[in-house]
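Residue numbers (my numbering): 1201 to 1578.
Cβ coordinates follow ideal geometry from the N, Cα and C atoms, glycine included.
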Ligand SMILES: Nc1nc2c(ncn2[C@@H]2O[C@H](COP(=O)(O)OP(=O)(O)OP(=O)(O)O)[C@@H](O)[C@H]2O)c(=O)[nH]1
Ligand SMILES: [Mg+2]
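Have a look at this one:
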């Protein structure tokens, strides 16, 4: 064994000994019917989280009750009728019990306090849209030290302009309290090459839900790794990175790292980001996670960092990768980017709506002015 290898080995062992940080995710909430269906696909057998589905529709809760731990009905049980104000009222009936649920989940999980509190909401109709801003506020006020990871599915364009306006109105309020990761149904279906106008809606939902659940399951698995952490990330690193209104997460998965180029990784990560992003001129905050069944070569880390800075406008300030090497199937690589402005995202989405960048995306000018008023009023 030559000298540099010995030093490298010692270095590796030292990093390993120092890193104890893996995040606790004791609870995952869902808000709304779509949110509940995605939550029902989340696999918590390894991460140990309690799944809590909150909704004003008892019928929709029944559909998933076997695949969540706690269905929480509210309102009159018949849905919030596409009225966000009603959704908000319905949620406020149970809002007080949210901190208790989180504490109980911590007890079950065996942690003092949560590192991460996850929420998956579907916005565009009544309950999800109305409850989201209240929910993120309650969580933030009661658990100021926890990092909130909030995912929201947004409507397909064919649903009409009202759901989109409701969705963005809800997001606009929610981002005052925390960074939100939007997952657009429209963009997801386009990037997965499914045409929502040709295939039955339930099938489209099914495909989109499975894909989103796959991304989240793999992400949670990495964030809760209990071994093999070669280069760690702390709760404060994660918190620092959650900047600005909007964030995005991209994932690439391979059987092995052999023959994988960084260009390919970036391409694959970009194709799994279901939002139209415009990074602020000051750049994006973010980092990446590699959860691998083989040793990760330094060259890959070097090149990935370099390209994210060069091509994705990442600032280096919070760029602290999480590198995990352990027995598992394949390699998963994620990027988490934040510090994106909601109005910029809407602007880009509007652009493709109005000018029809993709078939089936054409929309009217009156809709544009409606949604523009939401964001671009001086
Ligand atoms: N990906 C995905 N999106 C869904 C699903 N169900 C609904 N959505 C989307 O989520 C948005 C909100 O719909 P719901 O979740 O049904 O609404 P809700 O919050 O239950 O609202 P109310 O029923 O009016 O109280 C819609 O615009 C749909 O496009 C689903 O199973 N998967
Ligand atoms: Mg509903």
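When you measure from the CB of residue i to every non-hydrogen atom of ligand 1, does any distance come out below 7 Å?
{"i": "residue 1356", "result": "yes"}
{"i": "residue 1282", "result": "yes"}
{"i": "residue 1414", "result": "no"}
{"i": "residue 1241", "result": "no"}
{"i": "residue 1256", "result": "yes"}
{"i": "residue 1359", "result": "yes"}
{"i": "residue 1583", "result": "The structure shown does not extend to residue 1583, since the chain spans only 1201 to 1578, so no value can be given for it."}
{"i": "residue 1400", "result": "no"}
Along the chain, where does the beta strand (DSSP E) that runs through residue i open and close?
{"i": "residue 1537", "result": "1531-1540"}
{"i": "residue 1525", "result": "1522-1525"}
{"i": "residue 1321", "result": "1316-1322"}
{"i": "residue 1431", "result": "1429-1431"}
{"i": "residue 1271", "result": "1270-1273"}
{"i": "residue 1347", "result": "1347-1354"}
Secondary structure at residue i, three-state DSSP: helix, strand or coil?
{"i": "residue 1223", "result": "coil"}
{"i": "residue 1449", "result": "strand"}
{"i": "residue 1405", "result": "helix"}
{"i": "residue 1442", "result": "coil"}
{"i": "residue 1342", "result": "helix"}
{"i": "residue 1575", "result": "helix"}
{"i": "residue 1301", "result": "helix"}
{"i": "residue 1420", "result": "helix"}
{"i": "residue 1308", "result": "helix"}
{"i": "residue 1278", "result": "strand"}
{"i": "residue 1457", "result": "coil"}
{"i": "residue 1475", "result": "coil"}
May I ask whether a heavy atom of ligand 2 can be found less than 7 Å away from the beta carbon of residue i?
{"i": "residue 1437", "result": "no"}
{"i": "residue 1468", "result": "no"}
{"i": "residue 1434", "result": "no"}
{"i": "residue 1417", "result": "no"}
{"i": "residue 1330", "result": "no"}
{"i": "residue 1335", "result": "no"}
{"i": "residue 1327", "result": "yes"}
{"i": "residue 1370", "result": "no"}
{"i": "residue 1472", "result": "no"}
{"i": "residue 1324", "result": "no"}
{"i": "residue 1290", "result": "no"}
{"i": "residue 1552", "result": "no"}
When the cut-off is 8 Å and only beta carbons count, does residue i lie next to chain C?
{"i": "residue 1529", "result": "Considering every chain present, this structure includes no chain C. It has just one protein chain."}
Could you please give the first and the last residue of the uninterrupted alpha helix (DSSP H) stretch that includes residue i?
{"i": "residue 1287", "result": "1284-1292"}
Checklist entry - Which ranges would you report for the beta strand (DSSP E) in the segment 1362-1403 if only whole runs of at least 3 residues count? => result 1380-1384
Next on the checklist: Report the start-end ranges of each alpha helix (DSSP H) in the segment 1477-1523 that is 4 residues or longer and not cut off at the edges.
Outcome noted: 1498-1511
Checklist entry - Considering only residues of the segment 1225-1256, which uninterrupted beta strand (DSSP E) runs meet the minimum length of 3 residues and lie entirely inside it, listed in chain order? => result 1227-1231 and 1250-1255
Next on the checklist: Could you check whether the segment 1321-1328 touches the segment 1293-1305, counting it as contact only if at least three pairs of C-beta atoms, one from each stretch, sit closer than 8 Å?
Outcome noted: no
Item to check | Three CB pairs or more closer than 8 Å across the segment 1370-1388 and the segment 1469-1476 | outcome: yes
Next on the checklist: Closer than 8 Å is the cut-off here; do at least three beta carbon pairs connect the segment 1569-1578 with the segment 1536-1548?
Outcome noted: yes
Next on the checklist: Whether or not the segment 1233-1245 and the segment 1403-1415 are in contact is what I'm after, with contact meaning three or more pairs of Cβ atoms, one per stretch, closer than 8 Å; do they touch?
Outcome noted: yes
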